[in-house]
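A.B. asks: So the protein lines, in turn, are chains A and B.
Numbering of the first sequence is given in our numbering, commencing with residue 1 and proceeding in unit increments.
Numbering of the second sequence is given in our numbering, commencing with residue 258 and proceeding in unit increments.
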Amino acid sequence: MAVSPEVPMLVAEDVHRQFEGIHAVDGVSLEVPRGKITGLIGPNGAGKSTFLAVLAGTLPASGGRVVFEGEDITRLPAYGRARRGLVRTFQLPSEFARLTVLENLLVAAPKNRGDSLFGALMGRRYWIQDEERLVDEARRLLRRFGMGAKESDYAGLMSGGQKRLIEIMRALMLHPRCLLLDEPMSGVHPRIVEEIQHYLESLRAEGLTIVMVEHELRLVEQLCDSVFVMAQGKLIGSGTMASLRRQREIVDAYLVG
Amino acid sequence: MNTFYATNLLVYAGVDIIACIALNLQFGVSGITNFAFIVFQAAGAYAASVLSMPPDSNPDYSFQLYVGGFQLPFPLPWIGGALAGGLVAIPVGLVVLRKLRSDYQAIALLVTSIIANTVITNARPFLNGAAGLALVPQPLQDQIDPRSDEYYYFYIALTAVCVGLVWFVAARIVNSPYGRTLRAMREHELAATALGKNPVELKMTIFIVGGVIAGLSGAILVDFITAWAPSVWLYPETIILFAAIIVGGRGNNVGAILGALLVPVGLEEVTRQLIQMDIGPPNLIPALEWILIGLFILGFLWFRPEGVRPEPRRVFRGGPDVGEVEHGRLA
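1. Does the beta-carbon of Glu132 (chain A) have 16 or more other beta-carbons within 10 angstroms, so that it is buried, or is it exposed?
2. Indicate whether the contact test is met: 3 or more Cβ pairs, each with one atom in the segment 176-190 of chain A and one in the segment 222-232 of chain A, closer than 8 Å.
3. Could you give the DSSP three-state label for Val457 (chain B): helix, strand or coil?
4. According to DSSP, what are the bridge partners of Ala279 (chain B)?
5. Would DSSP call Trp490 (chain B) helix, strand or coil?
6. If Val272 (chain B) sits next to Ile477 (chain B), beta carbons under 8 Å apart, how far is it from one beta carbon to the other, in whole angstroms?
7. For Leu99 (chain A), tell me which candidate among A:Arg83, A:Glu71, A:Ile73, A:Ser152 has the shortest Cα-Cα distance.
8. Cutting at 8 Å between CB atoms, please list the residues of its own chain near His215 (chain A), excluding the five before and the five after it.
9. Among all the DSSP beta bridges, which residues are the ones paired with Leu40 (chain A)?
10. Among the residues of its own chain, which have a CB less than 7 Å from the CB of Val431 (chain B), if the five just before and after it don't count?
11. Spell out whether any CB of chain A is found under 9 Å from the CB atom of Asn510 (chain B).
12. At what residue ranges does the segment 461-485 of chain B contain a whole run of the alpha helix (DSSP H), taking only runs of 4 or more?
13. Which of helix, strand or coil does DSSP assign to Glu131 (chain A)?
14. Of the choices B:Asn265, B:Asn385, B:Gln533, whose alpha-carbon is the least far from that of Pro312 (chain B)?
15. Does the contact criterion of 3 or more C-beta pairs under 8 Å hold for the segment 533-552 of chain B versus the segment 480-489 of chain B?
16. Do Arg84 (chain A) and Leu52 (chain A) come within 9 Å of each other at the CB atom, strictly closer than that value?
17. What's the gap between the Cα of Lys48 (chain A) and the Cα of Pro110 (chain A)?
18. Buried or exposed: where does His207 (chain B) fall if 16 or more other Cβ atoms within 10 Å of its Cβ makes it buried?
19. Sort out for me which residues DSSP pairs Ala12 (chain A) with in a bridge.
20. Could you tell me whether the Cβ of Gly123 (chain A) comes closer than 9 Å to any Cβ of chain B?
21. Identify the contact partners of Thr58 (chain A) in chain B, using a Cβ-Cβ distance below 8 Å as the criterion.
22. Is it the case that the Cβ atoms of Leu203 (chain A) and Leu179 (chain A) are separated by a distance below 9 Å?
23. In three-state terms, what does DSSP make of Phe19 (chain A)?
24. With a cut-off of 9 Å, does the C-beta of Pro184 (chain A) fall near any C-beta of chain B?
25. Report, in whole angstroms, the separation of the C-beta atoms of Val420 (chain B) and Ile275 (chain B), which I expect to be a contact under 8 Å.
26. Would the segment 237-256 of chain A and the segment 396-404 of chain B be scored as touching if the rule is three or more Cβ pairs under 8 Å?
27. Within the same chain, show all residues whose beta-carbon is closer than 7 Å to that of Pro382 (chain B), passing over the 5 residues directly before and after it, in chain order.
28. Please classify Val418 (chain B): is it buried, with 16 or more other beta-carbons within 10 angstroms of its beta-carbon, or exposed?
29. List, in chain order, every chain A residue whose beta-carbon is nearer than 9 Å to that of Ile430 (chain B).
30. Note down, in chain order, every chain B residue with its Cβ under 8 Å from the Cβ of Ala145 (chain A).
31. Candidates B:Leu519, B:Ala391, B:Arg437, B:Arg507: which alpha carbon is nearest Ser319 (chain B)'s?
32. Using 9 Å as the threshold, is the C-beta distance between Leu86 (chain A) and Asn112 (chain A) below it?
33. So with CB distances below 8 Å, who are the chain B contacts of Glu221 (chain A)?
34. Given a cut-off of 9 Å, decide if Val32 (chain A) and Met230 (chain A) are closer than it, judged by their beta-carbon atoms.
35. Can you name, in chain order, every residue of its own chain whose Cβ lies under 6 Å from the Cβ of Arg177 (chain A), other than the five neighbours on each side?
36. Cutting at 7 Å between CB atoms, please list the residues of its own chain near Ile463 (chain B), excluding the five before and the five after it.
Here's what the structure looks like:
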């Protein structure tokens, strides 16, 4: 699709999400620039994860519009958005426990002729070429993320940090154009945090757009090109971390200490 | 052991194996807790019956009331039975599988099973109500005498062909990338959705495929026993099949076959032998059978939840050489 570089990757227009009267997301409008890492910060219960879920479609919006690469996707279900390249990860581990690490990646791969009832019934010869191509691709990704030796182990047996990596690799198998990461570093060993940080930087260098919810402000400062701040379901500020630190009300709301 | 007895055993084994493979596709592989499974087998049985029977105006059949009566030649009633199982799966699936959470799906399907049985029992003009259908014509009965040994062998062969066919289809599904997607949905539906999989479409497809196979199993059974009534497809029949899958090994086709041979076939046989030994008051042994099935399920879920033959771990060629990992021992 030919989209001019000026069109933002992802636009939220007055997005609302209510849960039985509670306004978790209360009229958020923002634009996510292409090829950058955008941070989303705010205190617990600010509505960051809910907002991310509405962007990804895993929760429907109660109001407003979500536009992805110039196209209104508000009514598109989550699987349709993923197929278009808007892929999210989860805050809690969401690996396919009884599938191997390699299989976790293979599941995510689109364009496998064997991934339909018809293709399956046609037999191995019909899909084996796709499968072998994708196994190669998944193995390259596993090696890049230092998990090549683990491919045949059950994903459920991996450590918390490794599950985070599986989550990111799985999303990358879809060749996303925009990655929505929900606290990708939470509960992860500091060494793996550094690794993930390094991987995200290299993905940005390859042109991937990333939106990440993150609590660790030091990381946000190092990683994110710009930052949005949410509190009580509303967007209360945006800019670089340095400029946000100069704004009194934002410091009061969140950046204390 | 006479030929009829052996045939009986083998045909029942074949029918149970086919049913267990279908339920394994739904429950073991895809995580759909289909507590209404027996309804789809019944749909196939009823459909095969009314497709092969003459109309109920026929003097030999006028003691019963039913719709249809098309006198179709074999194998059309069996094909019709399979289609009926799939057709019934469509409305049930559309109601149950789209919006409900998976634990509520199980309850809704259990209730569906009970409602279906109650309706068929009481709506007599439809499929003869509680008395059920009798004198169902058998395949090619005007060419081979159904009481001859040759016919028994013929029927065993027919059943075996169907088992082979169903095995072939199930193996292709389970061992394909599509089967992997189904297993992923079973493990974490939301994550699979976020990776571009449409869970409703996947569940509906497998619900219908399982319904078709269940319908075929019903057709095979009814044409062998030549009668069908609501009392043979009460919801506990589904529980026996679940016990078979849990004992055999969820997600493993070989396990489904083993489970079918151990639970419905094996247990029935043991019970039959015990009944002949005249132990205790009448009905004691059949009642104990249910307790035994319950204990089987509990025991396996407690001590060996992965079953006799667990789902295999899939290792791809050309990967790093890794040591043996214990199968299925995951919480």
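Heads up, the beta-carbon is just placed ideally off N, CA and C, and yes, glycines get one too.
This one's a predicted model, so the numbers in the text were calculated from it and none came from an experiment.
C.D. replies: If we stick to the structure as given:
1. Taking the first residue of the first sequence as 1, we reach residue 132 (chain A) at position 132. So Glu132 (chain A) ends up on the exposed side.
2. no
3. Within the second sequence, numbered from 1, the residue matching residue 457 (chain B) stands at position 200. Helix, per DSSP.
4. Indexing the second sequence from 1 puts residue 279 (chain B) at position 22. For Ala279 (chain B), which the question treats as bridged, DSSP gives no partner whatsoever.
5. One-based indexing of the second sequence puts residue 490 (chain B) at position 233. Trp490 (chain B): coil per DSSP, three-state reduction.
6. Here residue 272 (chain B) is taken as the residue at index 15 of the second sequence, counted from 1. Here residue 477 (chain B) is taken as the residue at index 220 of the second sequence, counted from 1. Confirmed, Cβ separation roughly 5 Å.
7. Numbered from 1 along the first sequence, position 99 holds the residue referred to as residue 99 (chain A). Taking only the C-alpha atoms, the option nearest Leu99 (chain A) is A:Ser152.
8. Position 215 of the first sequence holds residue 215 (chain A). Answer for His215 (chain A): Ile41, Glu183, Ser186, listed in chain order.
9. Position 40 of the first sequence, counted from the start, is the residue given in the question as residue 40 (chain A). In the DSSP output, where bridge partners are listed per residue, Leu40 (chain A) has A:Val213, A:Phe228.
10. As a first step, residue 431 (chain B) is located in the second sequence; it is residue number 174 there, counting from the start. Excluding sequence neighbours, Val431 (chain B) sits near Val286, Asn510.
11. For this step, residue 510 (chain B) is matched to residue 253 along the second sequence. No - not a single Cβ of chain A is within 9 Å of the one on Asn510 (chain B).
12. none
13. As a first step, residue 131 (chain A) must be located in the first sequence, where it is residue number 131. Correct three-state label for Glu131 (chain A): helix.
14. If you number the second sequence from 1, residue 312 (chain B) lands on position 55. Cα-wise, what sits closest to Pro312 (chain B) is B:Asn385.
15. no
16. Translated into positions along the first sequence, residue 52 (chain A) becomes position 52. Translated into positions along the first sequence, residue 84 (chain A) becomes position 84. Not in contact: Leu52 (chain A) and Arg84 (chain A) (Cβ atoms no closer than 9 Å).
17. Taking the first sequence and counting its residues from 1, the one referred to as residue 48 (chain A) is at position 48. Taking the first sequence and counting its residues from 1, the one referred to as residue 110 (chain A) is at position 110. Straight-line Cα distance between these residues: approximately 28 Å.
18. Nothing in the structure corresponds to residue 207 (chain B), since chain B is present only between 258 and 588.
19. Translated into the one-based positions of the first sequence, residue 12 (chain A) becomes position 12. DSSP, once it has assigned bridges, lists A:Leu30, A:Val66 as partnering Ala12 (chain A).
20. In the first sequence, residue 123 (chain A) corresponds to position 123, counting from 1. Interface residue, yes.
21. By one-based count along the first sequence, residue 58 (chain A) stands at place 58. Those are Leu447, Thr450, Ala451, listed as they occur along chain B.
22. The residue labelled residue 203 (chain A) in the question sits at position 203 within the first sequence. The residue labelled residue 179 (chain A) in the question sits at position 179 within the first sequence. The answer is yes: Cβ separation under 9 Å.
23. The residue given as residue 19 (chain A) occupies position 19 in the first sequence. In the structure shown, Phe19 (chain A) sits in a strand (DSSP, three-state: E or B).
24. The count along the first sequence starts at 1 and reaches residue 184 (chain A) at position 184. For Pro184 (chain A), the answer is no, since every Cβ of chain B falls outside 9 Å of its Cβ.
25. Start at 1 with the first residue of the second sequence, and residue 420 (chain B) comes out as number 163. Start at 1 with the first residue of the second sequence, and residue 275 (chain B) comes out as number 18. The Cβ separation is near 6 Å, so the contact holds.
26. no
27. The residue given as residue 382 (chain B) occupies position 125 in the second sequence. Excluding residues within five positions, the ones whose Cβ falls inside 7 Å are Leu322.
28. For the purposes of this step, residue 418 (chain B) is taken as the residue at position 161 of the second sequence. The residue in question, Val418 (chain B), is exposed, as its Cβ has fewer than 16 Cβ neighbours within 10 Å.
29. Indexing the second sequence from 1 puts residue 430 (chain B) at position 173. Ordered by position in chain A, the residues that pass the 9 Å Cβ test against Ile430 (chain B) are Leu117, Ala120, Leu121.
30. Position 145 of the first sequence, counted from the first residue, corresponds to residue 145 (chain A). The sequence as given places Phe at residue 145 (chain A); Ala does not occur at that position. None at all; the shortest Cβ gap to chain B is about 15 Å.
31. In the second sequence, residue 319 (chain B) corresponds to position 62, counting from 1. Closest option to Ser319 (chain B), Cα to Cα, is B:Ala391.
32. For the purposes of this step, residue 86 (chain A) is identified with residue 86 of the first sequence, where counting begins at 1. For the purposes of this step, residue 112 (chain A) is identified with residue 112 of the first sequence, where counting begins at 1. Contact flag unset, no.
33. As a position in the first sequence, residue 221 (chain A) is number 221, starting the count at 1. What Glu221 (chain A) touches in chain B: nothing, since even the nearest Cβ is about 28 Å away.
34. Here residue 230 (chain A) refers to the residue found at position 230 of the first sequence. Here residue 32 (chain A) refers to the residue found at position 32 of the first sequence. Contact: no.
35. As a working mapping, residue 177 (chain A) is identified with position 177 in the first sequence. Around Arg177 (chain A): Gly85.
36. Numbered from 1 along the second sequence, position 206 holds the residue referred to as residue 463 (chain B). Only Leu282, Gln283, Ser287, Ile289, Leu439 meet the Cβ criterion.
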